[in-house]
Structure formats: structure tokens, C-alpha cells
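Residue numbers (the numbering used here): 72 to 268.
We put the CB at the ideal spot given by N, CA and C, even for glycine.
Being a predicted model, the structure only gives us computed values, none of them experimental.
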Amino acid sequence: MVAVLAAVIERSLLGTSSVFQVPFHSEALAWQPLLWSLILGVVAGFLSHAFVETLLTVREQAKRHSQNRWGWMMPGLGGLATGCVGAAIFANTGHMGVFGIGYDDLSEALFGNLGLSILIVLCIGKFAATIFSYSSGGSGGIFAPTLFIGAMLGGVFGIIAESLGMGSSSMVSILALVGMGAMFAGIIRAPVTSILI
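Structure (C-alpha cells):
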């Protein structure tokens with residue numbers, strides 16, 4: 072009942088259009104995207120495991136330090152570290168994806184409009200910034216960053232596939248979408264939920 076009420080309120084306030092516009096993929100069932108999706112899924116599994124382990128380890132360290140008299144500074148230090156990562160990436164690339172949700176850069180990745188170096192930098196930056204922010208007790212969650220990291224990772228694989236001549240021009244877009252689901256499934260450890268979302 073609560074989920075139904077939440078859906079009604081959300082749709083009445085925000086409308087029924089989706090958050091992301093995804094291009095049409097006519098060859099989505101071709102063998103090349105499926106093969107690359109399999110490889111991407113394995114790599115996303117390892118990356119999501121590394122994300123969770125790093126997040127929990129850093130969170131434990133932060134909790135131990137928050138017990139001393141300077142513990143009140145932990146969210147601020149996490150925010151400072153997050154801000155430094157985001158500012159460094161923005162200064163060098165002009166992309167704001169590490170700050171906030173990053174839907175603009177995520178949408179660009181879904182349309183295959185980001186280059187390889189930008190995808191790699193945004194993936195690593197969001198990975199680090201999310202760990203700094205979340206582990207230190209800062210506000211925010213890991214749902215949107217998980218999708219962001221996955222889209223950037225998938226975009227990297229799409230560019231690699233295209234450069235090897237394996238796939239069409241929409242390979243980056245297809246694998247960015249697959250990457251979102253793969254990272255979410257690996258980090259949240261709910262593959263069926265990931266497929267439905």
C-alpha cells in the first residue's frame with residue numbers, strides 16, 4: 072500500500088516520463104552486445120565487490136575515529152575529500168558528474184557522447200567520492216552513484232568493443248545501460264530488483 076501511494080504521489084508531482092532518455096537499440100539482441108555484456112558483468116562483479124569492501128573498511132575506520140573528541144569533524148572531512156575529487160575532475164575535464172547525482176553525464180554516457188578518458192576519470196572519481204562521502208557519515212546514498220559508476224564502466228567497454236571492430240555505433244550506449252544494471256545488482260546484491268528497475 073505504501074509503495075502504491077508513493078508511486079501515485081511521485082507521478083502526480085513529477086509526471087510519468089522517465090528520468091533517463093535511452094536511445095533505441097535495434098540490434099540489442101545481436102551476439103556481440105550479449106558477449107560484451109557477459110564480460111562486462113564479470114568485471115562489474117569484481118568492481119562492485121571492491122566497492123562494497125572498500126566502503127565497509129573505510130566506514131569502520133571512520134566510525135572508530137568518530138569516537139574520539141574530533142569525531143564531529145568526520146562528515147566535514149568526507150565532504151572536503153569528495154569536493155577535492157570533484158573539483159579536480161571538473162577543473163581537468165569540465166564535467167560535474169562527481170558532484171551530486173550526475174544525471175547529465177550519465178545521460179551523455181547512455182547516448183555514447185563521452186570519450187574513453189572522460190568515462191574512466193568519471194568512473195574512478197565517482198567511486199572514490201562516494202566512498203569518502205558515505206563512509207564519513209555524509210548525506211546521500213549509493214543508488215545513483217551505483218548507476219553512474221556502472222554507466223561509465225559500460226561506456227568504457229563499449230568504446231573498447233567499437234575500437235576492436237566488434238559492434239555497431241550503439242555499442243557504447245548498450246553497454247552503458249547494461250553496466251548500470253550490473254553495478255547495481257553487484258553492489259546491492261539484488262539482481263532481480265536490478266532487472267525490474
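What ranges does the alpha helix (DSSP H) occupy inside the region 97 to 136, keeping only unbroken runs of at least 4 residues that lie completely in it?
If we require 4 residues or more, the alpha helix (DSSP H) runs fully inside the region 97 to 136 come out as 102 to 136.
Taking DSSP as the reference, what is the three-state secondary structure of residue 261?
Of the three classes helix, strand and coil, the one that applies to residue 261 here is coil, per DSSP.
Please report the straight-line C-alpha distance between residue 165 and residue 189, rounded to a whole angstrom.
Distance between the alpha carbons of residue 165 and residue 189 is about 10 angstroms.
How many angstroms separate the CA atom of residue 111 from the CA atom of residue 143?
Roughly 40 angstroms separates the two Cα atoms.
I need the DSSP call for residue 192, collapsed to helix, strand or coil.
Three-state DSSP puts residue 192 in a helix.
Is it buried or exposed for residue 168, if we count other Cβ within 10 angstroms and need 16 for buried?
With 16 or more other Cβ atoms within 10 Å, it is buried.
Just checking, does the region 214 to 224 make contact with the region 170 to 181 on the three C-beta pairs under 8 angstroms criterion?
The region 214 to 224 vs the region 170 to 181: in contact.
Taking buried to mean at least 16 other C-beta atoms within 10 Å of its own C-beta, is residue 194 buried or exposed?
Burial call: buried.
Along the chain, where does the alpha helix (DSSP H) containing residue 223 start, and where does it finish?
Segment 214 to 234, the alpha helix (DSSP H) holding residue 223.
I'd like to know if the region 227 to 234 and the region 199 to 207 are in contact, where contact means that at least 3 CB-CB pairs between them fall below 8 angstroms.
The region 227 to 234 is not in contact with the region 199 to 207.
Just confirm the distance between the C-beta atoms of residue 198 and residue 122, as a whole number of angstroms; I'd bet it's less than 8 angstroms.
Going by Cβ atoms, the distance from residue 198 to residue 122 rounds to 6 angstroms, so yes, they are a contact pair.
DSSP three-state call for residue 255: helix, strand or coil?
If DSSP states are grouped into helix, strand and coil, residue 255 belongs with the helices.
Give the secondary structure of residue 169 by DSSP, where H, G and I count as helix, E and B as strand, and everything else as coil.
Coil.
Can you give me the C-alpha to C-alpha distance between residue 261 and residue 255, rounded to a whole angstrom?
So the alpha carbons of these two residues sit roughly 8 angstroms apart.
So, with DSSP's three-state summary, where would you put residue 140?
In this structure, residue 140 counts as coil in the three-state DSSP scheme.
Anyone know if the C-beta pair for residue 108 and residue 253 falls short of 9 angstroms?
Yes.
Please state the DSSP three-state secondary structure of residue 237.
Residue state, collapsed to three classes: coil.
For residue 243, collect the residues of the same chain with a Cβ closer than 7 angstroms to its Cβ; drop the 5 residues on either side in sequence, then sort them by chain order.
Hits under 7 angstroms: 183, 226, 229, 230, 233.
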